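J.: Below are the structure tokens for one structure; questions will follow.
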Amino acid sequence: QRQAEDVVTVASKFKQRYECRLPPAAVRRQPDPEEEAQLYNGSGVAELLRPMGAAPCLVKTKDWWTYEFCYGKHIQQYHVEESEVKGDVLFLGYYQSAFDWDDETAKASKQHRLKRYHSQSYVNGSRCDLTGRAREAEVRFLCEEGAGDYIARVDEPQSCSYVLTVHTTRICHHPFLRPPAGAAPQPILCQPALSPAQYVEYVRAQVSDTKRKVEEISEELKTLDTRLWSERDAETPAQPPEGAPAAHGDTAPGDEPDPAKEAAFWERVHEVTGKASSQQDNARVSPQRPRGRPHTRKKIHFKVIRSPGDLLQFIEELKESTKKAKEKASEEEEEAAVVKASPDPPVPEEPAAGERERPEEEED
Numbered sequence: 303q304r305q306a307e308d309v310v311t312v313a314s315k316f317k318q319r320y321e322c323r324l325p326p327a328a329v330r331r332q333p334d335p336e337e338e339a340q341l342y343n344g345s346g347v348a349e350l351l352r353p354m355g356a357a358p359c360l361v362k363t364k365d366w367w368t369y370e371f372c373y374g375k376h377i378q379q380y381h382v383e384e385s386e387v388k389g390d391v392l393f394l395g396y397y398q399s400a401f402d403w404d405d406e407t408a409k410a411s412k413q414h415r416l417k418r419y420h421s422q423s424y425v426n427g428s429r430c431d432l433t434g435r436a437r438e439a440e441v442r443f444l445c446e447e448g449a450g451d452y453i454a455r456v457d458e459p460q461s462c463s464y465v466l467t468v469h470t471t472r473i474c475h476h477p478f479l480r481p482p483a484g485a486a487p488q489p490i491l492c493q494p495a496l497s498p499a500q501y502v503e504y505v506r507a508q509v510s511d512t513k514r515k516v517e518e519i520s521e522e523l524k525t526l527d528t529r530l531w532s533e534r535d536a537e538t539p540a541q542p543p544e545g546a547p548a549a550h551g552d553t554a555p556g557d558e559p560d561p562a563k564e565a566a567f568w569e570r571v572h573e574v575t576g577k578a579s580s581q582q583d584n585a586r587v588s589p590q591r592p593r594g595r596p597h598t599r600k601k602i603h604f605k606v607i608r609s610p611g612d613l614l615q616f617i618e619e620l621k622e623s624t625k626k627a628k629e630k631a632s633e634e635e636e637e638a639a640v641v642k643a644s645p646d647p648p649v650p651e652e653p654a655a656g657e658r659e660r661p662e663e664e665e666d
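Residues in the sequence shown are numbered consecutively from 303, following the working numbering.
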């Protein structure tokens with residue numbers, strides 16, 4: 303199966319293969335510097351750098367050593383203390399040659415074009431005690447917009463063999479050395495590259511995992527429903543109606559009923575029953591709602607569940623509403639207890655009749 307142009311296959315250190323989809327900006331063809339060079343009519347690289355020969359030498363201090371680069375002449379290394387050179391002055395090399403961009407052999411080498419730098423070779427420097435050969439150096443010129451000429455870094459990849467990196471704005475107009483246009487970072491999406499058998503196994507695992515989550519949610523709903531009903535039953539306990547006769551089992555075995563007591567009991571029952579029936583008749587004639595209890599209607603709320611995530615959210619909402627109902631009930635109980643415990647305000651006593659008349663007698 304042929305991959306798309308924007309898909310790249312990579313592997314992790316555990317040999318797991320991934321297919322990564324590149325953003326459109328990465329797939330888009332970049333302009334070829336060779337094509338740009340054919341349209342370029344400006345000066346060559348050597349001509350752009352030639353004014354550096356008349357400019358002051360570049361100096362950089364790194365740790366113990368100070369490096370001095372004079373374009374097209376030489377490179378020196380020495381130690382400075384209190385603005386004075388102390389000890390010997392070592393030559394890292396004298397100018398020999400520069401990279402020729404028009405040479406066919408140089409064109410075959412893509413290193414300079416890929417890294418976008420121009421180089422010069424400096425040889426026949428001071429003798430190296432470690433290798434017994436003369437020191438040598440390579441100077442690499444890189445474009446940096448808005449900067450002057452300066453030594454950015456000094457490296458020694460091998461003993462007595464040096465690489466000086468010089469940043470300058472002089473070569474930024476050349477198409478071979480101009481840096482490519484910068485682009486904002488783009489995300490690269492990767493996913494495991496599965497075979498058909500692995501994909502079937504993955505789908506089965508997904509189905510099994512979804513089924514397990516649904517079962518867990520169902521069990522949690524059952525538990526929540528049971529808890530809600532038990533709390534509701536605990537809040538409204540069943541009470542026997544007033545005036546109901548006691549159960550027959552309350553009479554101790556062996557006790558014989560007293561005829562006089564039974565007659566008095568039934569008279570009392572008829573009396574209470576008559577009062578209750580008269581009260582019911584009055585209630586039928588003029589029904590009144592108890593004060594402080596407005597007529598309420600039960601509201602039913604519907605919620606559409608489309609995914610396991612909606613179901614989990616609904617469960618959390620039920621838990622939160624139950625918690626708020628408990629808090630509200632406890633607050634009402636505390637308020638009722640405070641009201642019940644507060645004593646009635648004292649009623650001011652009226653003065654006696656003699657006390658009212660006493661001020662008038664004193665005035666007389």
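Think of the CB as a built atom: it goes at the ideal place given N, C-alpha and C, for glycine as much as any other residue.
None of the values given here were measured: they were computed from a predicted structure.
Could you please give the first and the last residue of the uninterrupted alpha helix (DSSP H) stretch that includes L324?
T.: Counting along the chain, L324 falls outside any alpha helix (DSSP H), and DSSP gives it neither H nor E.
J.: Could you give the distance in angstroms between the alpha-carbon of S345 and the alpha-carbon of C474?
T.: Cα to Cα, S345 sits roughly 11 Å from C474.
J.: Count the other CB atoms within 10 Å of the CB of G556; is the residue buried (16 or more) or exposed (fewer)?
T.: With a pLDDT of 49 at G556, under the threshold of 50, the predicted position of this residue should be treated as unreliable, though the coordinate-derived value follows. Exposed, by the Cβ-count rule.
J.: Which first and last residues belong to the beta strand (DSSP E) in which S440 is found?
T.: For the sequence presented, residue 440 should be read as Glu rather than Ser. That run of the beta strand (DSSP E) goes E438 to C445.
J.: On the criterion of 16 or more Cβ atoms from any shown chain inside 10 Å, does A631 qualify as buried, or is it exposed?
T.: Classification of A631: exposed, given that the 10 Å Cβ count is below 16.
J.: Among V456, S314 and E321, whose alpha-carbon lies nearest the alpha-carbon of E370?
T.: Minimum Cα distance to E370 is reached at V456.
J.: Nearest-angstrom Cα distance between E518 and K524?
T.: Rounded to whole angstroms, E518 to K524 spans 10 Å at the Cα level.
J.: Please state if the CB of A439 and the CB of Y464 are separated by a distance shorter than 8 Å.
T.: Their beta carbons are under 8 Å apart, which means Y464 touches A439 by this criterion.
J.: Taking the straight line between their C-alpha atoms, what separation do you get for V516 and A507?
T.: If I take the Cα positions, the gap works out to 14 Å.
J.: If you follow the alpha helix (DSSP H) that V347 is part of, which residue opens it and which one closes it?
T.: From DSSP, the alpha helix (DSSP H) with V347 extends over V347 to L351.
J.: From the DSSP output, in three-state form, read off W367 for me.
T.: Here W367 sits in strand by DSSP.
J.: Is it buried or exposed, L394, if we count other Cβ atoms within 10 angstroms and call 16 or more buried?
T.: So L394 ends up on the buried side.
J.: E307 and Q493: beta carbons closer than 8 Å?
T.: No; because the gap between Cβ atoms is not below 8 Å, this pair is not in contact.
J.: Could you spell out where the beta strand (DSSP E) holding W455 opens and where it closes?
T.: Reading off the sequence shown, one finds Arg at residue 455, where the question assumed Trp. From DSSP, the beta strand (DSSP E) with R455 extends over Y452 to Q460.
J.: Let me check understanding here. Comparing Cα to Cα, which of R534, Y397, C462 and P482 lies closest to K417?
T.: Measuring from the Cα of K417, the nearest candidate turns out to be P482.
J.: Go ahead and pull the three-state DSSP assignment for Q500.
T.: Looking at Q500 - three-state DSSP - the assignment turns out to be helix.
J.: Assuming G389 contacts H381 (C-beta within less than 8 Å), just tell me the rounded distance between them.
T.: About 5 Å; that satisfies the 8 Å criterion.
J.: I need the DSSP call for D552, collapsed to helix, strand or coil.
T.: A caution first: D552 carries a pLDDT of 47, below 50, which makes its placement in the model too unreliable to give a value.
J.: What do you get for L350, buried or exposed, if any count of 16 or more other CB atoms within 10 angstroms of its CB means buried?
T.: Looking at its Cβ environment, which holds 16 or more other Cβ atoms inside 10 Å, L350 is buried.
J.: What residues are listed by DSSP as bridge partners for C430?
T.: Note: C430 sits in no beta bridge, so no partner.
J.: Considering only the beta carbon of each residue, do E447 and T471 sit closer than 8 Å?
T.: Yes, the Cβ-Cβ distance between E447 and T471 is below 8 Å.
J.: Under a Cβ-count criterion, where at least 16 other Cβ atoms within 10 Å of its own Cβ denotes burial, should Y698 be classed as buried or exposed?
T.: Here the chain has residues from 303 to 666 only, and residue 698 is not among them.
J.: According to the neighbour-count rule (16 or more other Cβ atoms, all chains shown, within 10 Å of its Cβ), is I377 buried or exposed?
T.: Classification for I377: buried.
J.: Have a look at P353, V387 and G355 and flag the residue whose alpha-carbon is nearest the alpha-carbon of W367.
T.: Among P353, V387 and G355, the Cα nearest to that of W367 is on V387.
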